[in-house]
Structure formats: C-alpha cells, structure tokens
Amino acid sequence: MRMIAVAGAGLLLGLTGCGNESGAGGVTGGSLEGRTYLSTAVTEDGKPRQLVPNSRIRLNFTDDGRLIAEAGCNSMQSAVDTGDGKLSLDKELVTTTMGCDEPRHRQDGWLSTILTSDPAWKLEGERLTLTSGGTTISLTDRETAEPDLALDGTKWSLETVVSNDTASHQVGSEKAWITINGERVTGSTGCNELQGKVAQATGKLTFGEIATTRRACPGDAGKLEQSLLTGLEGDVTYEIDANRLKLRTGPNGLDFTGAR
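Sequential numbering from 944 applies to the sequence shown in our numbering.
So this is what it looks like as structure tokens:
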C-alpha cells in the first residue's frame, strides 16, 4: 500500500488571500475567485512542452483566496494575491507528500517553480493564460473543459481510501468500482460483486445493507474489500468535481474516478 501524508486541515484553513482583481492589460473576464482551470497547452520559448502522459495542470482559485494547484501527482496550495496582473503567493506552497514516479515528481517541481515566480496572468472569457519568463501555460475553465459527470449511470472506479489525515492507493484499487442507478448501487470490491440500496438527497447518500458474493479475498484483496464496504455504510456526503466523486463520513472516505 502506498501511503500519502496530507497536510493538516488546520494549517490549510489558516491560508487566506490578499486580493483578487482582473488581469493585466485591461482584460475582461472578472475575478478568478471560485473558478478552476485546466491546462490546454504549455510552451517554453515558443516551443511546445509535453506534459507527462495522462497528466494536466489544474489551478483552483478558492472562494477564501487560496490557490490549489496540481500537476499530476501532489496537491500544492497557498494564499494568493492576484492584483496588478500577477499571481503572488502569500506563503510558501503547502504540498502533500504522495510518492510519485520521477517524471511526475519533476513536473510537480516545475509547476511549483512557475507559481512561486509571480507569473503574469490574463483572463479572456473562459481562457486563462499564465506567463513566467519564456513559459506560457494556457488553461480553460474546468466547467467547460470537463463538465461534471452525472452521479447516476457513471462507472466510478476506486482511486483513494481516505482515513483521517492519510490517504492511500491500495493494491488492486483499479478493480473496485460502483455504479448508482436511482435507488440501487452495484459494483465490485475488486474481489466480489456487490449490490444494495441507496437513497439520494442533495449532497448526501444513505446506503442500506450491501450484499456481496462469497468469494474468499485473502491479503490485500480482503483489506481493499473491507475499506470499500466501510465507506459505503449509512449516511455519507458526496461531491462531484468533473470526473471525480468524493464520498465522506467525517474524516474518512473514498475517492473515485468516473469514466466519460
């Protein structure tokens, strides 16, 4: 099991922004606050820079004045001031410490260097451009680039198990999934098939008893099954962000990725 140490919630909540204004050059488009952008192209000295396969730059400007950024592995964030057409971080980036392969680790470092260089930004409608030295990152509003998937009918594959301040990608997670259709949930624990009832309300799901087939699941398969079934018990809150589904019961929960 690969473990991920996540920065404490108290520290992250203490990061507050200093300002949020329109970009330089008389650009229209309003505030960045409350919006998320996904990269569409990166150039360095006028030449395309290829990102690590299956990765994308993600910038989330929160309502409370923070910038949360991802480059394919770890999440990094800081309070941010967007005045005078610059992204100026108020503090050093607080970064999760998930183990990454070397290419994604380097890409995280590259993005961190860009964000801490006070890059210029320009917003034109739904298109955001960041410029630092010879590097330009072009991004599009997330709601346009990747609309939220529907809760019902989507196959949600398990990605991460969250327990307090620790998240883990457990062995065999890619084989575990659920699909919700109205009042029914079906899926697989990665070892056994599952089915049960679920009630839907705004931002909340209430799972009834989940039945599974009876195949023995030794070792990692058994641990994964238990983690999944524990996360599908009783009342849980849910949130969908593009192709990501988060289920939470207090500090514990499950993160899924949906297939488009």
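Every residue gets a Cβ at the ideal spot worked out from N, C-alpha and C, and that includes glycine.
For clarity, every value in this text was computed on a predicted model and none was experimentally measured.
Query raised in the report: By DSSP, does P1046 sit in helix, in strand, or in coil?
Result: helix
Report task. Classify K1098 as helix, strand or coil using the three-state DSSP reduction. Result -> coil
**Report entry** Collapsed DSSP secondary structure at D1027 in the structure displayed
**Finding:** helix
Requested in this report: Could you tell me the boundaries of the alpha helix (DSSP H) in which A1164 lies?
Outcome: 1162-1174
Query raised in the report: When the Cα atoms are used, what is the spatial distance from D1095 to D1184?
Result: 14 Å
Report task. Within its chain, find whatever has a CB closer than 7 Å to the CB of R1085; leave out the 5 residues flanking it on each side and keep chain order. Result -> T979, Y980, L981, A1185
Query raised in the report: Is R1158 buried or exposed, if buried means 16 or more other CB atoms sit within 10 Å of its CB?
Result: exposed
Query raised in the report: In angstroms, rounded to a whole number, what distance separates the CA positions of H1048 and L1030?
Result: 23 Å
Query raised in the report: Taking C-alpha atoms, which residue in Q1050, N1124, N1003, V1023 lies nearest to T1083?
Result: N1003
Query raised in the report: Run through DSSP, which three-state label would E1126 get?
Result: coil
Query - Of the listed residues G1008, N1017, A1014, nearest to D1024 (C-alpha basis) - result: G1008
Query raised in the report: Hey, quick one: how far does the beta strand (DSSP E) through R978 stretch, first residue to last?
Result: 978-987
Report task. Can you tell me which of the three DSSP states I1183 falls into? Result -> strand
Query raised in the report: Nearest-angstrom Cα distance between G1026 and T1059?
Result: 15 Å
**Report entry** Opening and closing residue of the beta strand (DSSP E) in which E1013 lies
**Finding:** 1009-1013
Requested in this report: Please state if the CB of E1013 and the CB of T1078 are separated by a distance shorter than 8 Å.
Outcome: no
Report task. May I ask you to verify whether the segment 1145-1159 touches the segment 1060-1071, counting CB pairs closer than 8 Å and requiring at least 3? Result -> no
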